[in-house]
Amino acid sequence: AGQHGVNGELVAQPIAEKRGYIVKQHNSTVKISIPSKAEGVYRKSIVSGNLRVLHLSSLLGANLFPFTNASSHTIAKVNVSNHTHGYVLKVSFDDPVVMQQLIKDATIQHRLDLNYTLTVLPENKPFYQLASVMAVTDVSPPAFDAVCSESGISFKLDHRPIDPLWEIRIGSELLTTELAAKYGYIMSNNSQRLLLEVPLFTHGYKYK
């Protein structure tokens, strides 16, 4: 969650409005506008090449938290008991922006890297603050959907980002395109899913 303040101190929404600060949320971006004469603004002078002195107004310590929305990203505004407010960003573990790493047996670490950016106007000077959010979960093996018919068994596996951590075998043999062709299986495998048709009486069946 992100909150905004001036000079390192949180500013409650009523106080911010009294000072003339304007806080708006448009889609996935939180925008803070502060008038040049508002409290918390300081002025500095710049001498140009022709000795003309320019007075520029800048904001000291205002925090702005922009996020980019995607299909699995959500941003929600939440009110806090001290009359301030924050923003909660939710990202699915399966989103490509979430890095995943197997850290020990049956445990995986999910990491989301964030870049908070503050742009000081009117000079458009950016400041950056990097942060990472991590969570640890248990690893579950891939789960196949199987359908039996008179001609054999059809298997379907929808891929997850962590599935490459697992090997799929027929008996003791690693399932590959070459192995499927060798035993007469019909297999297709792309970035979305694995489809495998195992005709009746082919290798791997046990009959009772």
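Residue numbers (the UniProt record's numbering): 1 to 208.
Positions of the beta carbon are idealized from the N, C-alpha and C atoms, including for glycine.
Under the three-state reduction of DSSP, aspartate 95 is assigned to coil, being neither helix nor strand. When C-beta atoms of the stretch 100-110 are compared with those of the stretch 128-138, three or more pairs fall below 8 Å, so the two segments count as touching. Here glutamine 192 is not bridged, per DSSP, to any residue. Short of 6 Å from the beta carbon of valine 147, and not among the five residues preceding or following it, lie these beta carbons of its own chain, in chain order: Ser154.
Counting the other CB atoms within 10 Å of its CB gives valine 198 a total of 16 or more, which places it among the buried residues.
Within a 10 Å sphere around the beta-carbon of isoleucine 103 sit fewer than 16 other beta-carbons, which makes this residue exposed. In this structure, proline 142 lies away from isoleucine 170, with their beta-carbon atoms at least 9 Å apart.
Going by DSSP, lysine 182 is part of the alpha helix (DSSP H) stretching over 177-183. Here the alpha carbon of asparagine 189 sits roughly 6 Å from the alpha carbon of leucine 195. A direct Cα-to-Cα measurement between glutamine 192 and valine 88 gives close to 29 Å. The beta carbon of threonine 202 sits closer than 7 Å to the beta carbons of Tyr183, Gly184 and Tyr185 from its chain, once the five residues preceding and following it are set aside; these are given in chain order.
For lysine 208, the three-state secondary structure derived from DSSP is coil.
Going by C-alpha positions, leucine 179 is about 15 Å away from tyrosine 205.
Taking the Cβ atoms as the reference, leucine 118 lies roughly 19 Å from valine 133, outside the contact range of under 8 Å.
Exposure of isoleucine 22 is indicated by the presence of fewer than 16 other C-beta atoms within 10 angstroms of its C-beta.
Judged by beta-carbon spacing, glutamate 150 lies beyond the 9 Å limit of leucine 114, meaning their Cβ atoms are not closer than that value.
Across the set Glu173, Ala181, Tyr207 and Phe144, the C-alpha of Phe144 shows the shortest separation from the C-alpha of aspartate 163. Ranking Glu123, Asn124, Tyr116 and Val120 by CA distance to the CA of leucine 130 puts Tyr116 first.
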